[in-house]
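Here is the structure we will look at.
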Amino acid sequence: MDFDFSEDQVMIIDSARKFLEKECPKNKIRELKEDEKGYDPELWSRMAEMGWMGLILPEEYEGTGMDFFDLTILMEEMGRNILPAPFFDTVALCSLPILEYGTSEQKKRFLPKIACGEEIWTLALTEPSASYEPSGVELRATSLQEDYVLEGTKLFVPYANVADRLLVVARTSQEGITALIVDAGSQGIKTEVIPTTAHDKQCEVVFDKVRVPKDNVLGEVGKGWEIVEFLLQRVSVLKCAEMLGGAQFVLEMANSYAKERVQFDKPIGSFQAIQHKLAEVFINVEGLRRLVYEAAWNISTGSPSRLLTSMVKAKANEVYQQTCIQGVKVHGAIGFTEELDLSLYFLRTKASEFMLGDTGFHRERIAVELEDYQPLFMSV
Amino acid sequence: MDFDFSEDQVMIIDSARKFLEKECPKNKIRELKEDEKGYDPELWSRMAEMGWMGLILPEEYEGTGMDFFDLTILMEEMGRNILPAPFFDTVALCSLPILEYGTSEQKKRFLPKIACGEEIWTLALTEPSASYEPSGVELRATSLQEDYVLEGTKLFVPYANVADRLLVVARTSQEGITALIVDAGSQGIKTEVIPTTAHDKQCEVVFDKVRVPKDNVLGEVGKGWEIVEFLLQRVSVLKCAEMLGGAQFVLEMANSYAKERVQFDKPIGSFQAIQHKLAEVFINVEGLRRLVYEAAWNISTGSPSRLLTSMVKAKANEVYQQTCIQGVKVHGAIGFTEELDLSLYFLRTKASEFMLGDTGFHRERIAVELEDYQPLFMSV
Amino acid sequence: MDFKFGEKEEKLRKEIREFTKKELPPGWLSSMLEEESDDKEWAFAMSMSKKLAEKGWLTMSWPEEYGGKGASLWEQLVYSEEASYWGIPGVTMGIGGVDWVGPSLMMFGTAEQKNKYLPLIASGEPDGIWCTAYSEPNAGSDFAKIRTRAVREGDEYVINGQKIWTSAAHRARWCWLAVKTDPDAAKPHNGISVFVVDMKSKGITVRPLMNYVGLHIFNEVFFDDLRVPAANLVGKENNGWYQLMHSLGYERGSIAGRCYGYNKRILDELIVYTRGNGLFREREIRHKLADIAVELETQKVLGYETVWKMSKGDSPVYEPSRDKVFNDHILERLAMLGTEILGGYSQIDPLSRNCKWTKLNGHMEKLFWLFLGFAFAAGTDEVELNIVGQFGLKLPKSY
Amino acid sequence: MDFKFGEKEEKLRKEIREFTKKELPPGWLSSMLEEESDDKEWAFAMSMSKKLAEKGWLTMSWPEEYGGKGASLWEQLVYSEEASYWGIPGVTMGIGGVDWVGPSLMMFGTAEQKNKYLPLIASGEPDGIWCTAYSEPNAGSDFAKIRTRAVREGDEYVINGQKIWTSAAHRARWCWLAVKTDPDAAKPHNGISVFVVDMKSKGITVRPLMNYVGLHIFNEVFFDDLRVPAANLVGKENNGWYQLMHSLGYERGSIAGRCYGYNKRILDELIVYTRGNGLFREREIRHKLADIAVELETQKVLGYETVWKMSKGDSPVYEPSRDKVFNDHILERLAMLGTEILGGYSQIDPLSRNCKWTKLNGHMEKLFWLFLGFAFAAGTDEVELNIVGQFGLKLPKSY
């Protein structure tokens, strides 16, 4: 047992924090809300130069060969600064499945471009049912000679507006789901940005007879849901790390405000109603931190746990939202304004909650695990 | 709209409060916990003299002819003083169903004895399934000439140890449930007090070939569940009134303590953590009061609401328990002792919660109502 | 004890329902708290104010001489419930016009003030719209600390300072302004006065304070050598605190019904929505709906109790704070449940009226993003709980 | 970063599981917090203490010279987790014997004190049982206000006063007593001293304080001209506060594991119970179980973090308070859910061991009625949240 970061990890954290504070200040984040692309290509290039996109890709694909835990703490820093960029989407949602399930051909073809920041990728999974159950996948991929023909609608696809490629989860038979790598420029794809409150460039993507070569199947035909499970069981921890970083920053903001703001001749943080609120948030954020690290470490060391990952996501959903709500409450009316950075975080909680499963979804997954689990006291 | 009590009602409240404070002080309640009967026959007689047992029975049955609302506020006072006596069981659970469903024969035969305090009655409804659903009734009543023969076990039957008669809910056919008036002294009845934490004389009653004359059917054969519904939809409000009275007293205790107890040189009630806890309890108790009165008034005026009654019971369950828990918290360690009167109340919350349906049970009933309900905005 | 409305109230209820059916677009779902934000919606709200005035409902509780109908508190309650359930816009004439500016003027205003301002409000015309300026950057919960200063110079007062969180200032024709007239008063409460200010005066700057969903509700208002005729002082100089405390009572009759009506509509919408998409069949969801239904029924009767006390001539002390805390809890639960029910769709911007993916007109998202704002609008929960503790439970001061 | 226990710890874990299988009755479910109440259970607990001592586990973290094994904090954690999950009684040697009396004596005691008392505790014999007497009727959260007075007379101190909430006083051979030796000290914290008191001395009266379910856990202890040899002073006169603050640290290594082990067992029991009776199929119930499972996992890793900080030589400041608040929340949720699951059966008296209607050995009822008591045992949540606020968030004092 040892909860210390390695020297390399400390370096990742420090350099990421400095980089993001400098290169992506809050006013830039505000600008990007109104920007059509929703990210800054120049900043994207500099991130690639930092080696972030290839952080955990092997060197043969132009990566740095670090591990899942290292990526986790980098994501935490991005969450802390709510970096508006398709990083999670490209790296976590797409490059990791390719690394895990891709043919060596596919890896060689796609991963270096991701590592170098040349390509933006995203995952097209959810549909109007807005569900993460296999039954939610209705988009049809029909076999036609060397191709599949895609027909249907994907919803809440992050950054599809700027993506070069999409990882599309489609139904290839009644029971079979298949993951396909699709060129975003393919004929028949129509992408429209959905007006979300957070202005975070989630898209509706309509596939109208889109042809995809069969070579572009990722993993096995009919077994695409395994890839989604891979995302749900492992990659979601990276989203949780991002949420943890956000929650930590919001807590710090609220805590500073409670020390500065004076009412009735005292800092409001000296009133128990405020102080205890903050203390409860603090406890939960600390708990979330350890949970995220535990899950990430397990994945890093090759023993991922379906149960633990769902626990982490359920917890992250609750903690991030509550931290923001309590943060706004501590601020009072000022917390309600656009000018306060808190709103940048708060407005994004809904997308984070939804991404890879909301709380009810993961509670059900936990319950499914508990249903079969053999308690210690019965097993000895 | 008018929330004032009538003069008569004020008199009921005042005289009940004075009577109970004088005749049933807390040390007597403590004694009765250890008493085999669990109630004081002398006190019972004096209550009968006050006219309480016949409060809402018509004069022809030796009653006083007051209404359901009047009985409600009397129950509230009893709850305030946690009177240990089979009053609710005799009067609410049994005399009211007889009044509503009995033949004139039955009414004449049984009600005057209840009104005069001569007989103690109780309801034998729940069984080892501990459920208030019809499916929970498994005790069989088999027709045999002029009798029914009862076979089975009733559980959590309050004060069966001292009851003269039992209102037994039995299964007379696969689909049919029937209510029967049973002499507690009948051959084949074995009653055993269950050791409850509150020492409140709930019993296991085993029926071993107990013969009951068919004349003793209350209401129609096979339609006994209507009587249970009558209890669930109306009589339960009286239990809620009792709980309200208890919650009010516990709140007052905790509030007094918060004013008296000094820590860090201040009364603990001046710390927001304590004051806000109490304020929240206060708000909920006030809300419960109005709900109880609303439901009781509706019943009094002939427009009972299945929905509202379930709302009141669900709310009473939550509020009474929370009031006690917060009350103990405000008291700190002293709240945890036997010596503090609070424990007399707290320990009884579990029985009140269970009686005529716990929170989940009533939430489900509310949901069933909402499922069919036509919202205003669709109906105009 | 009597839990039934009288015939008069029931008749009024029916009339309002008929009115809404006729005057509101089909499927109308109110936008609450944000009608000031959008020009088109504001125009619609003003058109409704006018119609409500014609019906005699807008200021129904006022005496007839000032354009009212002398309606009872119970009628007012029914009106508030219904107006809020159906989402009739334009019922408040800005912030406070109907609720407290009018009643305060009746109590403390000069004959000239009454004759000038009351009919304007009662008419439902844009010239009767008010904003209320109390809070300042360093005087939120601790209102006695305001620093905006009015100094008498001949027949005028010269006002300098800044207000914040001034809702509707960008729509208002008049401002109901609290200022310091005696900064050296022994108790800070004793040096406060109230003025009527013409928003067209020179020396006023209104700066929008957009909220985080992009709605323009709040403003900062700056006063820079604003000159106000001495005749615009309301009541007595330095007596403002007591007048304001008094006037708080006026809105209480309408708040209870307004909150309940709004919440009831949301709950009804959620019930219908979940019945439609099958979510109601999930025990967890339908029990949460059931539980909120219990809270709403409780809120209703608690609010009635407050109105009942007022109807007997009692001045409610802690009850409005109690009702507000209770309402805040309900709003929070409705907001959480509503967005849980909407799931991924709760991400849609409630201001994107025409997005095909919007559910329930964006109402749930609006509630989710605004419920904290409602909560701050008239004092934070901490402040309200202090009042409940101090006056409801007679506990010592905790702040 | 490393979330894995070492081989040593895993081996210990296995040994303890084998031990429990051999030594505990089949189906044993611990009675926690109440072993002092019942003579028969107390005797069983003492027999287990002895066996734990023989295994070298009872005081495993102590140095070998005092009867320990010099075990690491991680081994201690594993031992605490397992002992608590399996409900091994007799692990604490009264209140504080193992957790803080021993370690404090090692730090502040004289050679004579160490030689006399430490082996007694380590032996697991009744003569090594301690009670701890800090609280007084007017000094609960505000401990510095204690008034029990010790006055030096020659080679003795004469002690007068009263303690309250003294757990295990009726079982203890010794008392770890905090008293005022200088009532006039400038700061009340500066006048406190700690003594070892023989519970067989003249001048001590123990009065049971039964709790509301009828368990005898707490006592009042009265001191009436009790004479204690000056040699029984622990550490320096008037230095008691600082010694106690220091000694609080010692128990922290075991508390995290103890709480987690206990809660995990309850959760496991509830899962098995609801799977058995079909309640698990109700989404509401199984989601509540799932949610508590999340909290337990969080509790586990938070507790590990505290131990990790200690293992690095840091003295945890706010972490124990944080862990305690977290545990209190979990206990409350477990208690509520457990009795919800039991329904009507939650009424059964947990002390009626042989009632045929008792479910889960009365464990859930016990938890329901006792969770508030656990919460008070080491400081109310308010006090703990103050500590988290002050030291974790560096906020100003709030009391």
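Protein chains in written order, with the working numbering: chain V, 1 to 380; chain S, 381 to 760; chain E, 761 to 1159; chain L, 1160 to 1558.
Where a beta carbon is used, it is the ideal one built from N, C-alpha and C, also for glycine.
Quick check on the DSSP output: the beta strand (DSSP E) that includes residue i runs from which residue to which?
i         : result
L:His1375 : 1375-1388
S:Glu531  : 527-538
L:Gly1320 : 1315-1322
V:Arg140  : 140-144
L:Ser1352 : 1351-1357
S:Val562  : 557-563
S:Cys362  : Only positions 381 to 760 of chain S appear in this structure, which leaves residue 362 of chain S out of reach.
E:Ala938  : 934-940
Which chain L residues are close to residue i, counting only those with a beta carbon under 7 Å from its beta carbon?
i         : result
S:Met662  : This sequence places Phe at residue 662 of chain S; Met is not what is there. Here the premise fails: no neighbours, minimum Cβ distance about 18 Å.
E:Arg1043 : Glu1441, Arg1442, Glu1443
E:His1089 : Neighbours of E:His1089 on chain L: none; closest Cβ ~19 Å, over 7 Å.
Could you compute how far the alpha carbon of residue i sits from the alpha carbon of residue j?
i         : j         : result
L:Asp1343 : S:Asp384  : 58 Å
L:Tyr1293 : S:Thr703  : 29 Å
S:Phe610  : S:Glu518  : 20 Å
V:Ile194  : V:Ala316  : 25 Å
S:Asp527  : S:Phe536  : 26 Å
E:Leu789  : E:Glu814  : 23 Å
V:Ser310  : S:Ser475  : 54 Å
S:Pro466  : S:Pro538  : 8 Å
V:Leu43   : E:Gly856  : 49 Å
V:Val221  : S:Ala653  : 59 Å
E:Gln1003 : E:Ser864  : 8 Å
L:Trp1364 : L:Trp1259 : Rather than Trp, the amino acid found at residue 1364 of chain L in this sequence is Thr. Straight-line Cα distance between these residues: approximately 24 Å.
Per DSSP, residue i is paired with what?
i         : result
L:Trp1516 : In DSSP, L:Trp1516 forms no bridge with anything.
L:Glu1312 : L:Glu1315
V:Phe207  : V:Gly152, V:Ile189
V:Gln374  : Answer is none; V:Gln374 lacks a bridge partner.
S:Ile574  : S:Gln582
L:Thr1291 : L:Trp1335
E:Ile1108 : V:Thr196
Would you kindly report the start and end of the unbroken alpha helix (DSSP H) that includes residue i?
i         : result
L:Ser1480 : 1478-1501
L:Met1369 : Careful: L:Met1369 lies outside any alpha helix (DSSP H), inside the beta strand (DSSP E) at 1363-1369.
V:Lys329  : 306-331
If you measure from the CB of residue i, is any heavy atom of the ligand COA nearer than 6 Å?
i        : result
S:Cys404 : The ligand content of the structure shown is nil, which means the ligand COA is not present either.
Given that residue i touches chain E, what residues does it touch there, using C-beta distances under 8 Å?
i         : result
L:His1446 : Glu1044
Residue i touches chain L at which residues, Cβ-Cβ below 8 Å?
i        : result
S:Glu632 : None at all; the shortest Cβ gap to chain L is about 19 Å.
S:Gln582 : Gln1506
Against residue i, what residues of chain S qualify as contacts under a CB-to-CB distance less than 8 Å, listed in chain order?
i         : result
L:Glu1541 : Phe651, Ala653, Ile654
L:Gly1373 : Glu718
Can you name the residues of chain S whose CB is closer than 9 Å to the CB of residue i?
i         : result
L:Asn1370 : Phe716, Thr717, Glu718, Ser723
Output, in chain order, the set of chain L residues within a Cβ distance shorter than 9 Å of residue i.
i        : result
V:Asp381 : No answer is possible for residue 381 of chain V: the residues shown for chain V start at 1 and end at 380.
Q: Determine which residues of the region 639-668 of chain S have a Cβ less than 8 Å from any Cβ of chain V, and write them out in chain order.
A: Phe651, Gln652, Ala653, His656
(Q) Closer than 8 Å between beta carbons: that is the criterion. Which residues of the region 70-103 of chain V meet it against chain L? (A) none
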